Amino acid sequence: MGVFTYESEFTSVIPPARLFNAFVLDADNLIPKIAPQAVKSAEILEGDGGVGTIKKINFGEGSTYSYVKHRIDGVDKENFVYKYSVIEGDAISETIEKISYETKLVASGSGSVIKSTSHYHTKGDVEIKEEHVKAGKEKASHLFKIMGVFIYESEFTSVIPPARLFNAFVLDADNLIPKIAPQAVKSAEILEGDGGVGTIKKINFGEGSTYSYVKHRIDGVDKENFVYKYSVIEGDAISETIEKISYETKLVASGSGSVIKSTSHYHTKGDVEIKEEHFTSIIPPARLFNAFVLDADNLIPKIAPQAVKSAEILEGDGGVGTIKKINFGEGSTYSYVKHRIDGVDKDNFVYKYSVIEGDAISETIEKISYETKLVASGSGSVIKSTSHYHTKGDVEIKEEHVKAGKEKASHLFKIMGVFTYESEFTSVIPPARLFNAFVLDADNLIPKIAPQAVKSAEILEGDGGVGTIKKINFGEGSTYSYVKHRIDGVDKDNFVYKYSVIEGDAISETIEKISYETKLVAASSGSVIKSTSHYHTKGDVEIKEEHVKAGKEKASHLFKLIENYLLEHQDAYN
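Just so you know, we're using full-length UniProt numbering here: the sequence shown kicks off at 1 and counts up by one.
Here it is, written out as structure tokens:
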């Protein structure tokens, strides 16, 4: 029998105590009510609802299955932990003995992180299909989503101080906005209330809008802290799948102006997908800032000539106010842009500039202002980039335009460093035992349990410690013949192993080397295996997602083979 373990995380704006009450303690009543297409009913067959209770879950018409039986294995109301096993039903195949789940709700801000672990107990040597696990995750995610809301955040900046902007944008908005933007808002009228909390307003849109009206309910007005809260509760501007949209706008002083922080909560009647983007780099902020900002005019044309041919200063000395002309390379559809440097903060790694002219910006855009901030993250950086599109008139910025800009920025950061990918696996084996097997005795163990993957491993140079060069000869089941590994670090106390693939037909000619770091972390009675891979490329090369995915799948498969071996041989590697 094998045990395959998978972990997933979801987030919710609902606090743990409330979500646990809904999703666990009252799930049998609530889920059939809010998702009848998924679950028709739940009934207790044995027990009193506590540990050991057997439930029958009858699926709804929207499911391809009819039922499963659950056994409750644990309920910890104080720590918001729920454990149960699926022990019978047409939703689990004949090759699976049972599936055990542990769900833990952890406070995160004012909401929750839902940590779910599933253990697939198979009959014999059976491989769990990824699509089966993925489908389970999606269903779980869907249930959490329809009980909560989706949150989006955005920030804008203004040269107007908070007090003055709040007076205009909030306190006198009903008069001001129809006056200055009649094509957007024709009028605003109070239907109920006195203008304070609880007031219902009807906003009538102008001729320039595709909608006719919405109704707002004022949820909060804090004049001292410049915070305004309201909800869109009705109108043809919100779709049938949305119950309401709640907004919170906060104005914060920034220099002589303001930062406008806006948070929107979409309360849905069903399932909505959210996507987020950011950049990361393994290069520390100071070094990356020197390269990407202070020496960009020399470096970027050198490493990405197809993107940027040259950069020249037209006015200024390279500091604030300097105007630069960026001449694009042959790989670009544009010829040039002019940049104006708006700010350089070397201590905090912040760079501000505006694109003020050029054929890369359309006639409807006056300028695009960028702020890039590099923040330390571990031994590398998180690159936080904010772009402000200043338009001429009432113009909608197309999403593909913004997306293209993000991709170009991400591409530049990547070709100045390496491509980094992270993955996590879980195992029921404790870190010390797993490290002994997977790292310290891997050259003997892996050819024994997975000869189709690895035929043999031999030391070419060194004594097995840091600097050692190994040749890994692949088995008949592989499409490659060999690779050479160099050991870069072995930390037995903290269960960390670092090595680089430096040669072999398993890496393409465009890759200089691939560096790996594997760290085993204790998790309950088992381990979390955290793996980071750094692809060092030759020149401007994009790493294909399928290449990385294939590597992850092979690594995961090896861990599972080793895990099963250790489960079957309890005395080995203790």
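We put the CB at the ideal spot given by N, CA and C, even for glycine.
Only a predicted model underlies this, so the values are computations on that prediction, with no experimental measurement involved.
Closer than 8 Å by C-beta to residue i: which residues in its own chain qualify, once you throw out the five before and the five after it? Chain order, please.
| i | result |
| --- | --- |
| D441 | Y573 |
| K40 | P32, N58, F59, G60, E61 |
| P16 | F80, L105, V106, A107, S112 |
| E94 | K123 |
| P430 | A522, S525, G526, S527 |
| N327 | V308, K309, S310, A311, E312, S335, Y336 |
| N494 | K519 |
| G50 | I72, V75 |
| A173 | A188 |
| K346 | F289, L294 |
| K215 | L191, I200, K201, K202, I203, V232, I233, E234, G235 |
Can you give me the start and stop residues for the alpha helix (DSSP H) that residue i sits inside?
| i | result |
| --- | --- |
| A442 | 442-449 |
| A360 | First-last for A360: undefined, no H or E at that position. |
| K77 | Careful: K77 lies outside any alpha helix (DSSP H) and carries neither H nor E. |
| L434 | 431-435 |
| A173 | 173-180 |
| L165 | 162-166 |
| L19 | 16-20 |
Checking the sheet assignment: what are the DSSP bridge partners for residue i?
| i | result |
| --- | --- |
| A103 | For clarity, residue 103 is Thr in the given sequence; the question names Ala instead. Looking at the DSSP assignment, T103 forms a beta bridge with Y82, S116. |
| K55 | I44, H70 |
| D491 | V496 |
| Y228 | V221, T249 |
| H216 | K201, V232 |
| I238 | DSSP output for I238 lists no bridge partner at all. |
| residue 622 | The displayed coordinates of the chain run from 1 to 574. Any statement about residue 622 would go beyond what the structure contains. |
| V483 | I472, G504 |
| T5 | H119 |
| K560 | BP columns for K560 are empty, so no partner. |
| S158 | S258 |
| residue 589 | Missing from the structure shown is residue 589; the chain here goes from 1 to 574 and no further. |
Residues in the same chain with beta-carbon distance under 6 Å from residue i, minus the five sequence neighbours each way, listed in chain order, please.
| i | result |
| --- | --- |
| F438 | I562 |
| Y247 | Y230, S264 |
| A404 | At A404 the pLDDT is 49, less than 50, meaning the model places this residue with poor confidence; the figure from the coordinates comes in the next sentence. Excluding positions up to five away in sequence, the list is empty. |
| V483 | I472, V501, G504, A506 |
| D236 | Y211, S212 |
| E458 | K471 |
| V252 | V259 |
| T386 | E371 |
| E189 | K202 |
| I449 | L561, Y565 |
| S423 | S531, K552 |
| P285 | F349, L374, A376, S381 |
| Y65 | F59, D90, A91 |
| I177 | V185 |
| L445 | A437 |
| T426 | T5, E7, V528 |
| I341 | V320, T322, Y353 |
| E273 | Low confidence applies to E273: its pLDDT is 34, below 50, so where it sits in the model is not reliable enough to give any reading. |
| A456 | Residue 456 is actually Ser in this sequence, not Ala. The residues are P447, N473. |
| S515 | S500, H534 |
| V170 | Y228 |
| K324 | A311, I313, H339 |
What are the boundary residues of the beta strand (DSSP E) that residue i is part of?
| i | result |
| --- | --- |
| I203 | 200-205 |
| A523 | 511-523 |
| A188 | 185-192 |
| A457 | 454-461 |
| S531 | 526-537 |
| F474 | 469-474 |
Apart from the five residues just before and just after residue i, which ones in its own chain have a Cβ nearer than 7 Å to its Cβ?
| i | result |
| --- | --- |
| G47 | T53, I54 |
| S158 | L165, G257, S258, I260 |
| K244 | S231, V232, I233, H267 |
| S508 | none |
| G330 | It is worth fixing the name first, because residue 330 is Glu in this sequence and not Gly. Counting only Cβ-Cβ distances below 7 Å, and skipping sequence neighbours, we find Q306. |
| P162 | F226, L251, V252, A253, S258 |
Is residue i close to chain D? Criterion is C-beta to C-beta, closer than 8 Å.
| i | result |
| --- | --- |
| I260 | You won't find chain D in this structure, because it holds only one protein chain. |
Any heavy atom of the ligand MG closer than 7 Å to the CB of residue i?
| i | result |
| --- | --- |
| Y120 | Ligands in the displayed structure: none, and consequently the ligand MG is not present. |
For the stretch 84-100 against the stretch 65-75, are there 3 or more C-beta pairs whose distance is under 8 Å? yes
Would you check if the stretch 27-43 and the stretch 107-116 touch, i.e. whether three or more CB-CB distances between them fall below 8 Å? no
Along the chain, which unbroken stretches of the beta strand (DSSP E) at least 3 residues long are found entirely within the stretch 289-376? 308-315, 323-328, 336-345, 350-358
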